[in-house]
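Colleague: 6 is the number of the first residue of the sequence shown in the numbering used here; add one for each residue after it. Positions of the beta carbon are idealized from the N, C-alpha and C atoms, including for glycine.
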Amino acid sequence: MGSFEGGTQPIKLTEGMDLMELNIQALEETWDAFLKEWPIDRLKSMTLPEYSTAGDDNTFTAWIESRLDKLGSIWGGSAFKFGIYSRQNKEPKQSGPGAAYTEDYGWYPKYGPSPEAAFAKVKTFVVEAAEAAARGDYALIDEIDLGAAYKWKIA
């Protein structure tokens with residue numbers, strides 16, 4: 006039998022296992038790895054660099070966007086979908102009513118006047134989405150002030 010790269014370990018095909026079972030198993034292992042890395046308690050104590058650091062594939066936003074992409078892609082569009090993000094391009098940008106910038110971060114001003122304030126608000130929403138999903142309170146997730154694709158990917 007062959008093997009398939011899923012999650013962090015190759016998955017071996019066993020007698021009688023079809024490709025659909027293999028894919029489901031790989032996706033479940035990837036989701037389990039995410040939950041192990043990012044349990045709700047860690048979300049509650051998460052720092053801004055843990056949430057978003059350009060070039061770091063272990064941040065929360067990197068897990069959601071790229072490491073979990075087989076569980077629903079949110080690639081593309083703007084990094085503003087995360088509410089606040091670490092800027093890789095450090096060229097000065099002018100803040101305005103719809104976008105705020107420092108050298109290190111970009112964020113929606115509706116979440117706060119500084120990266121720290123914006124992150125505190127966004128983190129509250131991330132935790133709310135995760136806790137609501139754990140309880141099965143899907144109506145609450147709809148009310149959370151994050152982009153639909155992002156908050157439902159968290160859930």
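What are the boundary residues of the beta strand (DSSP E) that residue 50 is part of?
Modeller: It is not in any beta strand (DSSP E) - residue 50 instead sits in the alpha helix (DSSP H) that spans 45–50.
Colleague: Can you list the alpha helix (DSSP H) stretches of 4 or more residues lying completely in the segment 57–127, in chain order?
Modeller: Counting whole runs of 4 or more residues, the segment 57–127 contains no alpha helix (DSSP H) stretch at all.
Colleague: Could you tell me the distance, in whole angstroms, from the CA atom of residue 34 to the CA atom of residue 52?
Modeller: For residue 34 and residue 52, the distance between alpha carbons rounds to 26 Å.
Colleague: Taking the alpha-carbon of residue 135 as reference, which of 159, 113, 125, 150 has the nearest alpha-carbon?
Modeller: The option with the nearest alpha carbon to residue 135 is 159.
Colleague: Since residue 144 is in the alpha helix (DSSP H), which residue starts that stretch and which ends it?
Modeller: 143–148 is the extent of the alpha helix (DSSP H) around residue 144.
Colleague: Would residue 79 pass as a contact of residue 153 if the rule is Cβ separation under 8 Å?
Modeller: No, these two residues do not count as a Cβ contact at 8 Å.
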